[in-house]
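Step one of this worksheet: look at the structure below.
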Amino acid sequence: MVLEVTDLDALTGTALESIAAEYGEPVAAVAGSDTAEERMHAEATVRADGAEALASLVDPFDLVSEVPGVEL
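Numbering (our numbering), first residue to last: 463 to 534.
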């Protein structure tokens, strides 16, 4: 299966918006917290790799886990 990303910036932006919704807006007072570190890691990951940005939005395992004849 091949997937073509036609607008990497839009994909990355949507993934970053999803992360913001999941973790809430960044708060300076909790900059050293585990949640802040997880958020920074997630943001860096989706910025660095389009495949990770896509995977953060759509879980490929859930997408095809029940499809006969398909293995991941």
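C-beta: ideal position from N, C-alpha, C; glycine also.
Burial state of Val467 is exposed, judged by a 10 Å Cβ sphere holding fewer than 16 other Cβ atoms. Burial is judged here by how many other beta carbons sit within 10 angstroms of a residue's own beta carbon; Ser518 has at least 16 and is buried. Here DSSP, grouped into helix, strand and coil, assigns Gly486 to coil. Here the region 475-483 makes contact with the region 502-510; the two share three or more CB pairs at distances below 8 Å.
With 16 or more other Cβ atoms inside 10 Å of its own Cβ, Ala515 counts as buried.
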